[in-house]
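Residue numbers (this note's numbering): 58 to 175. Note that CB positions come from ideal geometry on N, CA and C, so glycine has one too.
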Amino acid sequence: MAKEKLVVIKETGLNNNCPECFNQDLKLTFYQKHSYGSFFHKTTAVLSNKLVCNTCHSTIYPVSWTEDIERMFNYYQKTTIPEKKSSKPTLLFYALLLALIAIVAGAVYLLISGAIQF
């Protein structure tokens with residue numbers, strides 16, 4: 058089963074007022090989803106974000122955002138550059154591929170040398 062992990066691609070502080078406690082200590086974080094399987098490591102194009110107040114430790118959802126917070130969010134969203142969508146094989150994939158090639162090469166050698174006859 059593949060494990061999924063959210064990797065931080067950008068984290069920034071905002072000086073906007075928190076809708077809950079009205080302090081000016083917010084943290085905006087952008088995440089990209091990575092999937093780790095036995096044979097492949099996939100970087101997906103799925104992006105997510107989270108806005109947290111560092112004072113009252115509450116997550117601020119888009120419903121309660123002010124126009125200023127939304128304006129800053131749009132700006133930072135445009136400046137965030139995610140990794141390209143990709144898929145990379147793991148060491149286990151290469152080991153199994155090498156073992157398969159060795160087995161096929163051995164079988165072909167035995168057929169050619171006459172050790173095995175049909």
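Within 7 Å, strictly: CB atoms of residue i and residue j
i	j	result
leucine 83	leucine 71	yes
phenylalanine 54	phenylalanine 130	Here the chain has residues from 58 to 175 only, and residue 54 is not among them.
isoleucine 126	asparagine 73	yes
valine 120	tyrosine 88	no
lysine 142	alanine 172	no
serine 105	glutamate 61	no
Alpha helix (DSSP H) segment containing residue i, residue limits
i	result
glutamine 134	124-136
serine 170	148-170
Residue interval of the beta strand (DSSP E) (run including residue i)
i	result
serine 105	97-110
tyrosine 93	83-93
Sequence-distant residues of the same chain with beta carbon closer than 6 Å to residue i, five excluded per side
i	result
glutamate 68	Thr86
threonine 116	Val109
7 Å CB neighbourhood of residue i in its chain, flanking five on each side removed
i	result
serine 144	Phe97, Lys99
Outcome for residue i when other beta-carbon atoms lying within 10 angstroms are tallied against a minimum of 16
i	result
cysteine 75	buried
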